[in-house]
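Input: a single structure, listed below in structure tokens.
In the numbering used here, the protein residues as written are 25 to 342.
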């Protein structure tokens, strides 16, 4: 078992995270992927956590790129993911391992993530599929007790989950071009298209400092969130659903531009800013050839129907 922690400029976060891994009851190795941090992360790890394996990248490749590189290096049957801004209960890994052993059909088991500053509130209990085709946090803002039962969910959260290494590799691993966000939803889609399931384990508890790494009101978040959810659909979803999502994005962008030109009020949030949306479109167009090539490979190896997955999961638990 290997636990991967991807970090960038996160020296101030790594101590509690790695201390919580040191306290785990299940045997494991730790691999920290450092995305070219310049904040003393390497020195901190060498001094305070010398037993941790560290893989330093030459440039910041984001969470998706860091996990892609980590998956290449892992040589254990299972790989767990833990955000650098999260701390895990001592029995976290043991609960995930016990669950996956009970369910050989599952390629991933996701955790019960609670908000660190409000531990009575759910951050994430897996990923749901919305009717739009986009993924979303299951249970965000719900009481911590809202999801007491182990269950099947559409997707896992990259913040705290366990994967079968071979299954993740078999379907192509993490999509490095995503950089940040939606890489877990994309991988969940591909695992399901190959016939695997994804499950949730409520006993695997993690406290997460929501947005400690990237502010969710920032342009960085809005850009990658908007672009990557279009890329997920272009790679994995039924063609009609993907086309409708792109069409809605274009119509919304045109509507926002018209409102601004006419002087009507528009909420001042990054996702509603026309220049950012144009950047999203430009980046999506640049990556579209890669997305369509990978789509052909994904669907060629699929054993499940994308439309069937949408019928089964869209709107469920949302």
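Think of the CB as a built atom: it goes at the ideal place given N, C-alpha and C, for glycine as much as any other residue. Predicted model, so just to flag it, every value in this text is computed and none were measured.
Asked: Residue 135 - DSSP class collapsed to helix/strand/coil; Found: strand
Asked: Contact between the segment 115-135 and the segment 174-192 (3+ Cβ pairs under 8 Å); Found: yes
Asked: CB contact flag (residue 168, residue 146, <8 Å); Found: yes
Asked: Counted within 10 angstroms of its Cβ, other Cβ atoms place residue 126 as buried (16 or more) or exposed; Found: exposed
Asked: C-alpha gap between residue 269 and residue 156, whole angstroms; Found: 7 Å
Asked: Outcome for residue 306 when other beta-carbon atoms lying within 10 angstroms are tallied against a minimum of 16; Found: exposed
Asked: Beta-carbon gap between residue 120 and residue 225 smaller than 8 Å; Found: yes
Asked: Cut-off 6 Å between Cβ atoms - residues of its own chain near residue 115, not counting five sequence neighbours on either side; Found: 49
Asked: Run of the beta strand (DSSP E) containing residue 232, from where it starts to where it stops; Found: 221-232
Asked: Where residue 80 sits in the DSSP three-state scheme; Found: strand
Asked: Residues near residue 327 in its chain [Cβ-Cβ closer than 8 Å; skip 5 each side]; Found: 217, 218 and 219
Asked: Where residue 89 falls, given that 16 or more other Cβ within 10 Å makes a residue buried; Found: buried
Asked: Own chain, CB closer than 7 Å to residue 162, minus 5 neighbours either side, in chain order; Found: 148, 149, 150, 151, 152, 177 and 341
Asked: Residues near residue 205 by beta carbon distance below 6 Å, same chain, minus five either side; Found: 248, 249 and 252
Asked: Alpha-carbon to alpha-carbon, residue 141 and residue 232; Found: 8 Å
Asked: Alpha-carbon spacing of residue 229 relative to residue 37, whole angstroms; Found: 18 Å
Asked: Sheet register partners of residue 53 (DSSP bridge); Found: 26
Asked: Residue 175 - partner residues in DSSP beta bridges; Found: 224
Asked: Helix, strand or coil at residue 105 [DSSP, three-state]; Found: strand
Asked: Distance, residue 292 Cα to residue 54 Cα; Found: 41 Å
Asked: Cut-off 8 Å between Cβ atoms - residues of its own chain near residue 34, not counting five sequence neighbours on either side; Found: 61, 63, 65, 108, 109 and 237
Asked: Residue(s) in a DSSP beta bridge with residue 148; Found: 137
Asked: Three-state class that DSSP yields for residue 339 in the structure shown; Found: coil
Asked: Which residues DSSP lists as bridging residue 163, in chain order; Found: Note: residue 163 sits in no beta bridge, so no partner.
Asked: Distance between beta carbons of residue 262 and residue 331, contact taken as under 8 Å; Found: 5 Å
Asked: Chain D within 8 Å of residue 97, Cβ atoms only; Found: Within the model displayed, chain D is absent; a lone protein chain is all it includes.
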